[in-house]
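Here the sequence shown is numbered in my numbering, starting from 12 and rising by one per residue. Data block below; observations after.
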Amino acid sequence: MGELMNCPNCGGLFVKTNLRDVCEKCYKEEQMAFETVYTFIRKRENRTATILEASQGTGVDEELIIKFIRTGKLKLAQFPNLGYPCQKCSTLIREGNLCDDCAKELRTELSTFEKEEERLKELREREKRTYFVK
Ligand SMILES: [Zn+2]
Ligand SMILES: [Zn+2]
12 MGELMNCPNC
22 GGLFVKTNLR
32 DVCEKCYKEE
42 QMAFETVYTF
52 IRKRENRTAT
62 ILEASQGTGV
72 DEELIIKFIR
82 TGKLKLAQFP
92 NLGYPCQKCS
102 TLIREGNLCD
112 DCAKELRTEL
122 STFEKEEERL
132 KELREREKRT
142 YFVK
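Rendered as structure tokens:
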């Protein structure tokens, strides 16, 4: 069972499913774009193309190519130079949402945040105790 929603591409109503997040018409267009990109990138001389080169060579939007990679439609294993930008700094990455540096930074930020939370909790506990002592 899918839910009825507006297509993010053209605004038309369609039933959203796990496989499809755009309407029938746009899905077909995406499918055709995918075929075009895939045919292009499979050629021996294009194996090492970047997204930009693939986009220029096929006329397909970079965004769409990135979507193909993110959704796993386009497998990166065979294409050493394909990747998509990290959500924070735009370095090209090949898996996840963040590059190694940003992921590391995020982890540090998180643990600093947790430590701070701990400290505040302790402070509050201590305040409670002193209150009761009085
Ligand atoms: Zn559509
Ligand atoms: Zn990054």
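No residue lacks a Cβ here, since even glycine has one placed at the ideal position from N, Cα and C.
Leaving out five residues on either side along the sequence, give the residues of the same chain with a beta carbon under 7 Å from the beta carbon of residue i.
i: CYS37; result: CYS18, ASN20, CYS21
Please state if the CB of residue j and the CB of residue i are separated by a distance shorter than 7 Å.
i: ASN92; j: THR61; result: yes
i: VAL48; j: ILE76; result: yes
Spatial neighbours of residue i within its chain, please: C-beta separation below 6 Å, excluding the five flanking residues on both sides.
i: ARG105; result: LEU87, GLY94
i: GLU73; result: ILE62, SER66
Could you check which residue in the options has the C-alpha nearest to that of residue i?
i: GLN98; options: PHE90, CYS110, LYS78; result: CYS110
i: PHE45; options: GLY13, LEU131, THR82, ARG55; result: THR82
i: GLU40; options: LEU24, LEU85, ARG118, VAL71; result: VAL71
Enumerate in chain order the residues of its own chain whose CB-to-CB distance from residue i is below 8 Å, with the five nearest sequence positions on each side excluded.
i: ARG58; result: ILE52, GLN89, PHE90, PRO91
Within the segment 46–102, note down every full beta strand (DSSP E) run reaching 3 residues or more, in order along the chain. none
Using the beta carbon as the reference atom, which residues fall closer than 6 Å to any heavy atom of ligand 2, ordered along the chain? CYS97, LYS99, CYS100, THR102, LEU109, CYS110, ASP112, CYS113
Beta strand (DSSP E) segments (min. 3 residues) lying fully within the segment 106–132: none
As a quick check of your reading: which residues have a C-beta less than 6 Å from at least one non-hydrogen atom of ligand 1, in chain order? CYS18, ASN20, CYS21, GLY23, VAL33, CYS34, LYS36, CYS37
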